[in-house]
Structures are given as structure tokens and as C-alpha cells.
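Enquirer: Got a structure for you, written out below as C-alpha cells; questions coming shortly.
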Amino acid sequence: MKFLRLAELYEQLDGTTKKLEKRDILAEFYKKCADTELYKAVVLSMGTVFPRGEQELGIAVGMIKKVIERVTGASNSEVVEKFKTTGDLGLAAEKLMEKRKQNSLARRELTIDHVFDNLRKLPTITGQGSQDKKIGLIAELLSAAGPKEARYIVRTALGQMRIGVAAGIVRDAIAKAFSQDAKEIDRIHDILGDFGKVAEMAKKDKLKAEMQVGIPLRVMLADRAADLKEAMEKFEKVAIETKYDGFRIQCHKNGNDVKVFSRRMENVTRQFPDIVAMVKEGVTARQCIIEGEALAIKAGRPQPFQTLSRRIQRKHDIERTVKEIPVQVNLFDLLYLDGVSYLNETFRERWNQLNKIISENKSFRLAEHLETEDFEKADKFYKKSLAAGQEGVIVKNLDAPYQPGKRVGYWLKVKSILDPLDLVVVGAEWGEGRKAKWFSSVILAARDKEKLVSTGRMASGFTEEQLEELTKTLKPLIISEEGKVVTVKPQVVLEIGYEELQKSPKYESGYAMRFPRLLNFRSDKSPEDCTALKEIEKIYNLQRGRK
Numbered sequence: 012m013k014f015l016r017l018a019e020l021y022e023q024l025d026g027t028t029k030k031l032e033k034r035d036i037l038a039e040f041y042k043k044c045a046d047t048e049l050y051k052a053v054v055l056s057m058g059t060v061f062p063r064g065e066q067e068l069g070i071a072v073g074m075i076k077k078v079i080e081r082v083t084g085a086s087n088s089e090v091v092e093k094f095k096t097t098g099d100l101g102l103a104a105e106k107l108m109e110k111r112k113q114n115s116l117a118r119r120e121l122t123i124d125h126v127f128d129n130l131r132k133l134p135t136i137t138g139q140g141s142q143d144k145k146i147g148l149i150a151e152l153l154s155a156a157g158p159k160e161a162r163y164i165v166r167t168a169l170g171q172m173r174i175g176v177a178a179g180i181v182r183d184a185i186a187k188a189f190s191q192d193a194k195e196i197d198r199i200h201d202i203l204g205d206f207g208k209v210a211e212m213a214k215k216d217k218l219k220a221e222m223q224v225g226i227p228l229r230v231m232l233a234d235r236a237a238d239l240k241e242a243m244e245k246f247e248k249v250a251i252e253t254k255y256d257g258f259r260i261q262c263h264k265n266g267n268d269v270k271v272f273s274r275r276m277e278n279v280t281r282q283f284p285d286i287v288a289m290v291k292e293g294v295t296a297r298q299c300i301i302e303g304e305a306l307a308i309k310a311g312r313p314q315p316f317q318t319l320s321r322r323i324q325r326k327h328d329i330e331r332t333v334k335e336i337p338v339q340v341n342l343f344d345l346l347y348l349d350g351v352s353y354l355n356e357t358f359r360e361r362w363n364q365l366n367k368i369i370s371e372n373k374s375f376r377l378a379e380h381l382e383t384e385d386f387e388k389a390d391k392f393y394k395k396s397l398a399a400g401q402e403g404v405i406v407k408n409l410d411a412p413y414q415p416g417k418r419v420g421y422w423l424k425v426k427s428i429l430d431p432l433d434l435v436v437v438g439a440e441w442g443e444g445r446k447a448k449w450f451s452s453v454i455l456a457a458r459d460k461e462k463l464v465s466t467g468r469m470a471s472g473f474t475e476e477q478l479e480e481l482t483k484t485l486k487p488l489i490i491s492e493e494g495k496v497v498t499v500k501p502q503v504v505l506e507i508g509y510e511e512l513q514k515s516p517k518y519e520s521g522y523a524m525r526f527p528r529l530l531n532f533r534s535d536k537s538p539e540d541c542t543a544l545k546e547i548e549k550i551y552n553l554q555r556g557r558k
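Numbering (my numbering), first residue to last: 12 to 558.
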């Protein structure tokens, strides 16, 4: 398939804001794809070349500017100026390509295979000269591209497609294209985490997904309860577990091969060789998928998430950080065991089987767990968790199955304070005076279904170290600039504490935070994991004693 067809699809999708129209456009496109083209077409239609969580291209704006300069012959100042006037490096590339003197007839036709394969090679290129090699691969694509194709190659490389195609639209488009049930498409995707594979199955009318050790599942999530009493009254039979303020992990063991995944389904095995060793030593089963929470520990006490995040982000000198920041793993669920899926088993059965295959030690252990209907015992357990420096407890329905990727109310979290908000940075403003080298304020957003809505500007509550880290993280993500204000790719999630939530017509969400402060950089969370607007509404009502 010519990449030009895909570029024309992107343009169609960009031309409407209506979700049903986007669904129909995609469905028609998927229907016309040959079997050999469908996988790549579906993944590329989402503006990426990897299923969610597998890998990231890691291409910065500066590198793309160099590519555009090389291919178009434009100077750096011309590229920068065009970027400023369009606010979009993809559009800048398109405009500059239109001026290119090269005869379009001399270009060979660009295919989706060529684009897909070249972009997939980028994360594998490391070491000396890697930047030049990456520039060469992208330049190869742009040299064969027309202006419109160049716009979308650049956007795909940067992860800034801007055509409003979220996972829900792709799910519904696959369902419509191949006459399948959208809920079943969703269920299969929760297990496989790859819409390309799901589309191939749907086309063949073979929607059956077997769990595979080594392929991460989307994790089940907890809802919020007003207090312990309310949470316990929701279920007939309950288990109460400590709520750890750590890093959610999913460990896959297949013989001597162990992989560790984050809640975003990212492979973090390399960053946690100590957890790999713990699983090899402490799990007696040959094959399994288990879940738990990793905590940074010092002198027997849990450390702030920010300490642990240094390990999550670490790409080099891993042995040293393993020694500097030791972790403790607290296991709480079993999803798969020796060829058998446990997703449809009750939590009671999953917990019992987990107990049978774990050999505990002080660093690798089962989560603190109590099964009781006695409120006094439960309350004592809750207070003990708080005294140990943990966040609170999770109340779980013992009779419930595990539903990947869902917040279905089978787990309820109970905390002593109002939940902090996990918000996405969508913009920032440069500071003044001695803070002129840093961003001094950020614009934050929450999730409202498949879009982001602003929840306010945070201009205080930062330390200088946090401002320095924030600036370093956000600079490569800048999409456009206007004066001192920049728009950034919505990728960085911050955990924000506050005194209270207030109604505010000033922001799109309808809410604002009073006295916000930065608690943590949540590198383990994606924009899809950030706080939902309905959760903000729930917290607002809880703080006023409403249900």
C-alpha cells in the first residue's frame, strides 16, 4: 500500500471532530486493506508503529529539525521560523517540502512497509553515531515523500499525530469494519494490548485471545470509597489489603525467563534485575503471571515514589542504582498459572493459588491481607497500614473475577486524606529573573473520556530542583511557542496535592485546585492513566460530605 493513501486517511480524519465520522472513515479504510497490510495500517492509523507500552521512538524535535534541513535544503533559521508560524513541525515540513526543487517524478513511491519498518528500527539504534543513523533513516523516508506524506511522517516520528483518533474510536472502527461486537474487541485488546492483532482476528472472524506469558495485560483498577465502612458494605465477602504507594508491576515467568512490565505495559525488565532474580528464586511455578507493588525501602520504611522513579527512568549504570535504591515486592494477584488463565476465577481462588507458589523473604513477599467481616478488625488493620507509612487499604470483593483494563468497582481504595490528582502537563511558561532558565508554571489537564480538559495553572509549590527537572523533561516535548508560553506534547503526568477542590468556570473541567503542590513525577503513568473528570467530581462531593 502506498503511504500516500494513509496520508489521505489522516487528512480525512483531521477534517472532522465527530467521533462517529472518524469511526466510519477508519472502518471503511480497514475493510479495504489486504490481509498483509491490515496490521501495519491499523497501528499506523493510531499514529504509532508499536502497540501501546511496547516501545517508544524517543525522537526529539531537534532531531527532526535537522532531518528537514537535510532533505529540503532549508537553513536552521528557516525551519525554526516555519515551525513558529505553523506551531506544528509536520506542517513546517510540508510547507518547506513544497519549495523543494527535486522533481517529484524522481522519487520512488513510498509504501507503508517502508515507513513502518524504518521507524521501528529507531529505538534499536544505540551507541556512538546513533543520532546520525536515526537522522539518516528518517531522512530516507522524507526524501521519498511528497509534502503531505512528509507532514504525517514527521508527526508519527514525534508522536504528535493530532488527528483525534483515540483507542475507543479504533475499537469501534474495527467492530464496524468486520461486523464484530465492540465489547468483545475491547476484551480481546485488554488481553493482547495490540489493536493490529485484534483487527487481524476480527477480519478472520476468529476473536479468541489466549493469555501468553511475556505479553502484558492491562491492569485492573480500584475505585474510591468514602470510608472503610462504606467499602465493606459494598461486598458480601471482603479481603482488606494494604494500599502501597509504589510502582505497580506485572511479572511474567516462563521457566527461567522472567519479564517485568509496568501498569502502562512497558517492559522494565532491564531496570529491575533484582526483581527478576526475586521471581526466579521465590516463585515455584514453571509458568505464571503475577501482580504486585514494588516499593523503595530504606531502614525498613517505604520511601516516596519519587525515589523509586529514579530507577524506573534509569537506562544506564543500573547495577549502582539497584544497590542505592533497593526494592521490596508485595504480591497481591495471580492471573495465569501453568497453562491456565485465572482471570475468571474469584479473587479468593486467585489469592489461595498465589500463596501456594510464593516462597517469601523480606524483599519478596505477599501483600498484607486480611479476610474479615468484623469492622473493628478491619479498622485496626487500616490504622496499622497508615502507621507503617502506607497510603491506606484496598477493600476487595472476594467473589469477583479479574477484569483487565477496567475500573469495575470490585476493588475500593480507602485513604486517610483526599486523593492527590494525577494530571497531564499540556503547557508551561518560562520564568523571570533568576528563574528565567526554567519553566516557572505549568498548565494541567484531567481526562474526560477520550479528551483532556484543563484544570488550572500551577505557578507555586515547586522546589528549584523540581523546576530544573520539569524544564529538562518538558523541553523536548515542546510543540509550539507564543511569547513565554509553550504548548507541550501531553506526556508528562504529575501527582498534585492540594488543600481542596473548588468549582471554577475559568477552566474547561469546571474545577480548580486550591494551593496545589507537586508531590511526584509519575513516570509510571501515561495520559490515559491520569485522573478522570468523574473522579474529580467524586472527590469534590466527598470533601463536602456528599455521596
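Just so you know, even glycine gets a beta-carbon here, dropped at the ideal spot from N, CA and C.
None of the values given here were measured: they were computed from a predicted structure.
(1) Quick check on DSSP: helix, strand or coil for Trp422?
(2) May I have a chain-ordered list of the alpha helix (DSSP H) segments no shorter than 4 residues that lie completely inside the stretch 18 to 87?
(3) Tell me which residues share the same chain as Glu314 and place their Cβ nearer than 7 Å to its Cβ, disregarding the 5 neighbours each side in the sequence.
(4) Is it right to say Ala310 is buried, meaning 16 or more other beta carbons lie within 10 angstroms of its own, or is it exposed?
(5) Which class does Met12 belong to by DSSP, given the choice of helix, strand or coil?
(6) The beta strand (DSSP E) with Val165 in it runs from where to where?
(7) Please work out which residues of its chain come closer than 7 Å, Cβ to Cβ, to Lys248, disregarding the five sequence neighbours upstream and downstream, and give them in chain order.
(8) Give the range of the beta strand (DSSP E) segment to which Leu529 is assigned.
(9) I need the boundaries of the alpha helix (DSSP H) containing Val181, first residue and last residue.
(10) Could you say if the stretch 259 to 272 and the stretch 352 to 362 meet the contact criterion of at least three C-beta pairs nearer than 8 Å?
(11) Are three or more beta carbon pairs between the stretch 435 to 450 and the stretch 497 to 512 nearer than 8 Å?
(12) In chain order, what residues of the same chain lie with their CB nearer than 6 Å to the CB of Leu20, ignoring the 5 residues before and after it?
(13) Go through its chain and collect everything with a Cβ distance to Pro158's Cβ below 6 Å, but skip five positions before and after it.
(14) Hey, which unbroken runs of the beta strand (DSSP E) at 3 residues or more fall wholly within the stretch 439 to 480?
(15) So for His263, helix, strand or coil by DSSP?
(16) For Ala177 and Asp459, what's the separation of their Cα atoms in angstroms?
(17) Report back the beta-carbon spacing between Leu402 and Lys240 to the nearest angstrom; my notes put them in contact at under 8 Å.
(18) In whole angstroms, give me the CA-to-CA distance for Thr295 and Ile336.
(19) Between Asp205, Asn278, Met212, Asp234, which has its C-alpha nearest Gly225's C-alpha?
(20) DSSP on Leu381, reduced to helix/strand/coil?
(21) Can you list, in chain order, the residues of its chain with a C-beta nearer than 6 Å to that of Met212? Leave out the 5 residues immediately preceding and following it.
(22) Return the chain-ordered list of same chain residues with a C-beta closer than 8 Å to the C-beta of Lys448, the five sequence neighbours on each side being excluded.
Expert: Answer, in terms of the structure:
(1) For the purposes of this step, residue 422 is taken as residue 411 along the sequence shown, with counting starting at 1. Of the three classes helix, strand and coil, the one that applies to Trp422 here is strand, per DSSP.
(2) 30 to 43, 46 to 56, 72 to 83
(3) Numbered from its first residue, the sequence shown carries residue 314 at position 303. Sequence check: residue 314 is Gln here, not Glu. For Gln314, where only same-chain residues beyond five positions count, the Cβ hits under 7 Å are Ala307, Ile308.
(4) Your numbering for residue 310 matches position 299 in the sequence shown. With fewer than 16 Cβ atoms within 10 Å of its Cβ, Ala310 is classed as exposed.
(5) As a working note, residue 12 is residue 1 in the sequence shown. Here Met12 sits in coil by DSSP.
(6) As a first step, residue 165 is located in the sequence shown; it is residue number 154 there, counting from the start. Element bounds for Val165: not the beta strand (DSSP E) but the alpha helix (DSSP H), 158 to 169.
(7) Indexing the sequence shown from 1 puts residue 248 at position 237. Excluding positions up to five away in sequence, the list reads Leu409, Asp410.
(8) Against the sequence shown, residue 529 aligns to sequence position 518. Unbroken beta strand (DSSP E) run through Leu529: 528 to 532.
(9) In the sequence shown, the residue the question calls residue 181 occupies position 170. 178 to 188 is the span of the alpha helix (DSSP H), which, as asked, contains Val181.
(10) no
(11) yes
(12) Residue mapping note: residue 20 aligns to position 9 of the sequence shown, counting from 1. Hits under 6 Å: Phe40.
(13) Within the sequence shown, numbered from 1, the residue matching residue 158 stands at position 147. Excluding residues within five positions, the ones whose Cβ falls inside 6 Å are Glu105, Met108, Glu109.
(14) 450 to 459, 462 to 469
(15) By one-based count along the sequence shown, residue 263 stands at place 252. DSSP places His263 in strand when its eight states are reduced to three.
(16) For the purposes of this step, residue 177 is taken as the residue at position 166 of the sequence shown. For the purposes of this step, residue 459 is taken as the residue at position 448 of the sequence shown. Roughly 12 Å separates the two Cα atoms.
(17) The residue given as residue 402 occupies position 391 in the sequence shown. The residue given as residue 240 occupies position 229 in the sequence shown. In the sequence as presented, Leu is not what sits at residue 402; that position holds Glu. No, Glu402 and Lys240 are not in contact; Cβ-Cβ is about 18 Å, not under 8 Å.
(18) Within the sequence shown, numbered from 1, the residue matching residue 295 stands at position 284. Within the sequence shown, numbered from 1, the residue matching residue 336 stands at position 325. Distance between the alpha carbons of Thr295 and Ile336 is about 26 Å.
(19) Start at 1 with the first residue of the sequence shown, and residue 225 comes out as number 214. When only C-alpha atoms are compared, the closest one is Asn278.
(20) The residue labelled residue 381 in the question sits at position 370 within the sequence shown. If DSSP states are grouped into helix, strand and coil, Leu381 belongs with the strands.
(21) Residue 212 sits at position 201 when you count from the first residue of the sequence shown. The answer, listed in chain order, is Leu218.
(22) Sequence index remark: in the sequence shown, residue 448 carries index 437 (1-based). These residues qualify, in order along the chain: Gly442, Thr482.
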